[in-house]
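A.B. asks: Here you go, one structure.
Protein chains: 2
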Amino acid sequence: MTAIKDSRPAGLAHYKKPTVMVDIVIFTIADDTLKVLLIKRGIPPFKGHYALPGGAVRVDTDMNLEAAAQRELEEETGVENNYLEQLYTYGGIDRDPRDWTVSVAYFALVAKQDVQLKAGTDAAEAHWHSIQGNRVELPLAFDHAPILQDAIERLRAKLDYTDIAVHLLPEEFTLSEFQRVYEIIMQEKLNKSSFRKRVSQAEIVQPIAGKMRTGSNRPAQLYRFTENKTDRMFFPRSIVWAERGKHE
Amino acid sequence: MTAIKDSRPAGLAHYKKPTVMVDIVIFTIADDTLKVLLIKRGIPPFKGHYALPGGAVRVDTDMNLEAAAQRELEEETGVENNYLEQLYTYGGIDRDPRDWTVSVAYFALVAKQDVQLKAGTDAAEAHWHSIQGNRVELPLAFDHAPILQDAIERLRAKLDYTDIAVHLLPEEFTLSEFQRVYEIIMQEKLNKSSFRKRVSQAEIVQPIAGKMRTGSNRPAQLYRFTENKTDRMFFPRSIVWAERGKHE
DNA sequence: TTAATAGTGTCTCTAAGACATTATACA
DNA sequence: TGTATAATGTCTTAGAGACACTATTAA
Numbered sequence: 001m002t003a004i005k006d007s008r009p010a011g012l013a014h015y016k017k018p019t020v021m022v023d024i025v026i027f028t029i030a031d032d033t034l035k036v037l038l039i040k041r042g043i044p045p046f047k048g049h050y051a052l053p054g055g056a057v058r059v060d061t062d063m064n065l066e067a068a069a070q071r072e073l074e075e076e077t078g079v080e081n082n083y084l085e086q087l088y089t090y091g092g093i094d095r096d097p098r099d100w101t102v103s104v105a106y107f108a109l110v111a112k113q114d115v116q117l118k119a120g121t122d123a124a125e126a127h128w129h130s131i132q133g134n135r136v137e138l139p140l141a142f143d144h145a146p147i148l149q150d151a152i153e154r155l156r157a158k159l160d161y162t163d164i165a166v167h168l169l170p171e172e173f174t175l176s177e178f179q180r181v182y183e184i185i186m187q188e189k190l191n192k193s194s195f196r197k198r199v200s201q202a203e204i205v206q207p208i209a210g211k212m213r214t215g216s217n218r219p220a221q222l223y224r225f226t227e228n229k230t231d232r233m234f235f236p237r238s239i240v241w242a243e244r245g246k247h248e
Numbered sequence: 001m002t003a004i005k006d007s008r009p010a011g012l013a014h015y016k017k018p019t020v021m022v023d024i025v026i027f028t029i030a031d032d033t034l035k036v037l038l039i040k041r042g043i044p045p046f047k048g049h050y051a052l053p054g055g056a057v058r059v060d061t062d063m064n065l066e067a068a069a070q071r072e073l074e075e076e077t078g079v080e081n082n083y084l085e086q087l088y089t090y091g092g093i094d095r096d097p098r099d100w101t102v103s104v105a106y107f108a109l110v111a112k113q114d115v116q117l118k119a120g121t122d123a124a125e126a127h128w129h130s131i132q133g134n135r136v137e138l139p140l141a142f143d144h145a146p147i148l149q150d151a152i153e154r155l156r157a158k159l160d161y162t163d164i165a166v167h168l169l170p171e172e173f174t175l176s177e178f179q180r181v182y183e184i185i186m187q188e189k190l191n192k193s194s195f196r197k198r199v200s201q202a203e204i205v206q207p208i209a210g211k212m213r214t215g216s217n218r219p220a221q222l223y224r225f226t227e228n229k230t231d232r233m234f235f236p237r238s239i240v241w242a243e244r245g246k247h248e
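Which chain is which? The protein sequence lines are A and B, in order. Position one of the first sequence corresponds to residue 1 (UniProt numbering), numbered consecutively onward. Position one of the second sequence corresponds to residue 1 (UniProt numbering), numbered consecutively onward.
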């Protein structure tokens, strides 16, 4: 990539520009809990508070927004090939005392064992925090609490009609582990037989011939994620989650 | 709103900033067709091509992104109280030859009779264009064709599990007109009795006592949109559209 | 043998879809 | 009367959920 500074025609620079950031909600599952990666801020504003990982878009080196998000994700976790989806864009005068800012928020799903947290780059500490309901226990910097809430809601909604949950698992997993991911995130027990019927009909996973997970019980078939044949699966009927269901 | 220029602490201005725009995909229904509002560009680049209405965010006067979008919507159509939802944010080096730009795209639904198109402000012509499949017939400026396509897909997806279609209708409408909106957008015939069952169960519309639409046939009950009791309705089971259905 | 989890089968219930039937206006 | 559209009813079918039952390993 080359710098673009002065070689372009003018014509768009009539207004003062907002600052554009990229923030990422990085989810994983550990200790049977949904966790999010947060960073302790070393500078004001909100010094000492936790915040979502993120940073300014670098117009000299980032080709586009997704590349900026991918860069931030890799800087924090070291993972290169995981699920990353744009969540929503937050922008306004009252988000940051320093400027009128725009944050393009992404959410990412990573398998815990793929992550290598970078130890304290620029005095910033990164830690996994458990999600309780729609939030973490700590207060967050800026408007990151509602952003996190939106991400949790999006994740829960998408579990219902996509297969993104596989990105929280290692390459090989059992159907029970897959179902457990759903139960942890939705905070509801699921029916075993209908879960398995749905999964096998949707063809989102494939059994690995002859490979079993052993233990002090009946061995379980290991499965692998089916590389997306089309774009994403389609459930002809949605799960009606226990305790919710119906309209409301 | 006050200007914010020099009174703020610095600390975010280390990088060159992209230009931030707001673009809106404004849908309506006319002549039994889904239409989108497009503007003929009077200046380069893409002079003479059609583009989505939009413009730069004004950090001095716009409180936030949604206000900027609402401002653009009103400037073009005169409508003040219609459905507006953030669609997606497009940003990169190759979107506009003049700068690294970010477009926060919104989509809006308006009822045709509420719209008063502004006659040629700054030599820009605004016209409704029919949507054929996933696009309009004309080539569009910038990356506005894929943006439009994303908006159409989002609209179609949301018809299935929300009540946003009512915003394309006048205040009072019959169930047949409501169903017709679905059929126009989805480009599929729907089953009358199950459509009515769904609508009445979801309680998204209310009959207006004694008010009927007359004609040379049996009069039809007029309905009004039920102001959102909760947030939006929930269909326990999705419509399986004819000719599609099943997975894939 | 028991404990523990894997995996399957049966039955019910809900809502969509096909299709037919009745209702009510005007010409 | 005929025509056109509104509105409802019946039957079938797909798939979720409850729940029971069988299977297979290690200790």
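Where a beta carbon is used, it is the ideal one built from N, C-alpha and C, also for glycine. Note that the structure is a prediction, hence the values are computed from the model and not measured.
1. Which of the three DSSP states is assigned to P130 of chain A in this structure?
2. Grab the span of the beta strand (DSSP E) containing E85 of chain B for me, first residue to last.
3. Could you tell me if K17 of chain B is buried or exposed, where buried requires 16 or more neighbouring beta carbons within 10 angstroms of its beta carbon?
4. How many angstroms separate the CA atom of G78 of chain B from the CA atom of L222 of chain A?
5. Compare the C-beta of K197 of chain B against all C-beta atoms of chain A and say whether one is closer than 8 Å.
6. Can you name the residues that DSSP bridges to H55 of chain A?
7. Helix, strand or coil for D31 of chain B per DSSP?
8. Check the Cβ-Cβ distances between T19 of chain A and every residue of chain B, and say whether any is below 8 Å.
9. Give the single residue among B:V25, B:Q70, B:D62 whose Cα lies nearest to the Cα of A126 of chain B.
10. For the beta strand (DSSP E) holding A208 of chain B, just list the boundary residues, first then last.
11. Would you give the residue range spanned by the beta strand (DSSP E) that V104 of chain B belongs to?
12. Assuming Y50 of chain B and I39 of chain B form a contact by the criterion Cβ under 8 Å, report the distance between their Cβ atoms to the nearest whole angstrom.
13. Are the C-beta atoms of Y88 of chain B and some chain A residue less than 8 Å apart?
14. Comparing alpha-carbon positions, which option in A:Y90, A:E85, A:V59 lies nearest E66 of chain B?
15. Taking all protein chains shown into account, do 16 or more other C-beta atoms lie within 10 angstroms of the C-beta of M212 of chain B, making it buried, or fewer, making it exposed?
16. May I ask you to report which of helix, strand or coil DSSP gives V136 of chain A?
17. Under the three-state reduction of DSSP, which class applies to Y15 of chain B: helix, strand or coil?
18. Provide the residue(s) that pair with N191 of chain A in DSSP beta bridges, ordered along the chain.
19. Candidates B:E188, B:F46, B:N217, B:T226: which alpha carbon is nearest S200 of chain B's?
20. Counting along the chain, where does the alpha helix (DSSP H) carrying E75 of chain A start and finish?
21. State the CB to CB distance for the pair D23 of chain A and G48 of chain A, rounded to an integer number of angstroms; the pair is presumed to be in contact (CB under 8 Å).
22. Would you kindly check if the distance between the Cβ of I164 of chain A and the Cβ of L109 of chain A is under 8 Å?
23. Using a 10 Å radius around the Cβ and a threshold of 16 neighbouring Cβ atoms, would you call L138 of chain B buried or exposed?
24. How would you call N82 of chain A, buried or exposed, if buried means at least 16 neighbouring beta carbons within 10 angstroms?
25. How big is the Cα-Cα spacing for V20 of chain B and R95 of chain B?
26. Taking only three categories from DSSP, how would you classify F178 of chain B?
27. Please report whether the beta-carbon of V102 of chain B lies at a distance below 8 Å from any beta-carbon of chain A.
28. In this structure, what does DSSP give as the bridge partners for I39 of chain A?
29. Buried or exposed for A69 of chain A, going by 16 or more other Cβ atoms inside 10 Å?
30. Does E172 of chain A come out as helix, strand or coil in the three-state DSSP assignment?
31. Grab me the residues of L140 of chain B's own chain with a C-beta within less than 8 Å of its C-beta, minus the 5 sequence neighbours each way, in chain order.
32. On the criterion of 16 or more Cβ atoms from any shown chain inside 10 Å, does S7 of chain B qualify as buried, or is it exposed?
33. Which same chain residues end up closer than 7 Å to P207 of chain A when comparing Cβ atoms and leaving out the 5 residues on each side of it in sequence?
34. Between the alpha carbons of S194 of chain A and Q179 of chain A, how many angstroms are there, rounded?
35. Would you identify the three-state DSSP class for L148 of chain B, choosing helix, strand or coil?
36. I need the DSSP call for Q201 of chain B, collapsed to helix, strand or coil.
C.D. replies: Checking against the coordinates, here is how it stands:
1. In the sequence on display, residue 130 of chain A carries Ser and not Pro. S130 of chain A falls in the strand class under three-state DSSP.
2. 83 to 96
3. buried
4. If I take the Cα positions, the gap works out to 59 Å.
5. no
6. Per the sequence presented here, residue 55 of chain A reads as Gly, with His not at that position. A:V22.
7. DSSP places D31 of chain B in coil when its eight states are reduced to three.
8. yes
9. B:V25
10. According to the sequence shown, residue 208 of chain B is Ile rather than Ala. 205 to 215 is the extent of the beta strand (DSSP E) around I208 of chain B.
11. Run containing V104 of chain B: 99 to 109, per the beta strand (DSSP E) assignment.
12. 7 Å
13. Yes, Y88 of chain B counts as interfacial toward chain A.
14. Residue A:Y90 is the option with its Cα nearest to E66 of chain B.
15. Exposed, since its Cβ has fewer than 16 Cβ neighbours within 10 Å.
16. coil
17. Y15 of chain B: coil per DSSP, three-state reduction.
18. In the DSSP output, where bridge partners are listed per residue, N191 of chain A has none listed.
19. Of the candidates B:E188, B:F46, B:N217, B:T226, the one whose C-alpha sits nearest the C-alpha of S200 of chain B is B:T226.
20. 65 to 77
21. Not a contact, Cβ separation roughly 18 Å.
22. The answer is yes: Cβ separation under 8 Å.
23. Under this definition L138 of chain B is an exposed residue.
24. buried
25. 12 Å
26. Helix.
27. So, interface residue.
28. A:A51, A:A126
29. buried
30. strand
31. L38, H49, Y50, A51, L52, L148
32. Confidence in S7 of chain B is poor, its pLDDT being 48 and thus under 50, which makes the residue's placement unreliable; the coordinate value appears in the next sentence. With fewer than 16 Cβ atoms within 10 Å of its Cβ, S7 of chain B is classed as exposed.
33. Q221, Y223
34. Rounded to the nearest angstrom, the two C-alpha atoms are 11 Å apart.
35. helix
36. helix
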